[in-house]
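So the structure is just underneath, and the comments pick up after that.
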Amino acid sequence: MAGELLEVGAIKKPHGLRGEVVVALTTNMVAERTQPGARFHVDDETIVVASSRRHQDRWLMTFEGYAGRDDVERLRGRTLMAAPLESEDQIFVHELVGLHLVDQHGVDHGAVVAMIDNPASDLLELADGALVPLSFYVRHDATQVHVDVPPGLLDDDAVTAR
Numbered sequence: 398m399a400g401e402l403l404e405v406g407a408i409k410k411p412h413g414l415r416g417e418v419v420v421a422l423t424t425n426m427v428a429e430r431t432q433p434g435a436r437f438h439v440d441d442e443t444i445v446v447a448s449s450r451r452h453q454d455r456w457l458m459t460f461e462g463y464a465g466r467d468d469v470e471r472l473r474g475r476t477l478m479a480a481p482l483e484s485e486d487q488i489f490v491h492e493l494v495g496l497h498l499v500d501q502h503g504v505d506h507g508a509v510v511a512m513i514d515n516p517a518s519d520l521l522e523l524a525d526g527a528l529v530p531l532s533f534y535v536r537h538d539a540t541q542v543h544v545d546v547p548p549g550l551l552d553d554d555a556v557t558a559r
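Counting from 398, one number per residue, gives the positions in the sequence shown under this note's numbering.
This is the structure:
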């Protein structure tokens, strides 16, 4: 079952005395992960969100069956895992790393080795160190990530007609 789950956040620490915990989410599906009824897997246990609210750059959450600080203290530092959500526009990093990046001309630019978090657009890092903004992503299949990039981004010798 662990292979089917994605890491979507972590419980940092208890907050107050009424069972709230500070949660740092690492997902772009925040609305779905913070609504009451959302399910997380923590070790061998499933926990269900009872309530959540924004607090600075994190979330404060309570979970069904956890009434006070003593109850949630054992969740401190635990990783939140969850099943992938069904959505047509989801792209998961683990699906892209290891695939070959192919531009709109069919040129293979090598393997994607990492995804770099960047405020403007996440970046695909290639084996040769080249960086490609995820905003140029078109689709991917079992072996390739297809992108439509502007001239010069992946080809230093590109010349555009004026």
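The beta-carbon is built from N, C-alpha and C at its ideal position, and this holds for glycine as well.
query, result
"Nearest CA to the CA of GLU522: which residue from THR540, VAL490 and ASP538?", "VAL490"
"Just tell me which of ARG450, GLY495, ALA428 and ASP441 has its CA closest to the CA of ALA419.", "The residue asked about is misnamed: residue 419 is Val in this sequence, not Ala. The candidate whose alpha carbon is nearest that of VAL419 is ARG450."
"In the DSSP assignment, what are the bridge partners of HIS412?", "GLU417"
"Starting from the C-beta of LYS409, find all residues in its chain whose C-beta is less than 8 Å away, skip the five residues before and the five after it, and write them out in chain order.", "VAL418, VAL419, VAL420, ALA421, ARG455, ARG473 and GLY474"
"Answer with buried or exposed for ALA479, where buried requires no fewer than 16 other C-beta atoms within 10 angstroms of its C-beta.", "buried"
"Going by beta carbon distance, what residues of the same chain come within less than 7 Å of GLU485, once the five residues before and after it are set aside?", "Confidence in GLU485 is poor, its pLDDT being 40 and thus under 50, which makes the residue's placement too unreliable to answer from."
"Return no unless some Cβ of chain D is closer than 9 Å to the Cβ of VAL439.", "The structure shown has no chain D; it contains just one protein chain."
"State the start and end residues of the unbroken alpha helix (DSSP H) segment that holds ARG466.", "466-470"
"Please report the distance separating the alpha-carbon of THR431 from that of THR423.", "12 Å"
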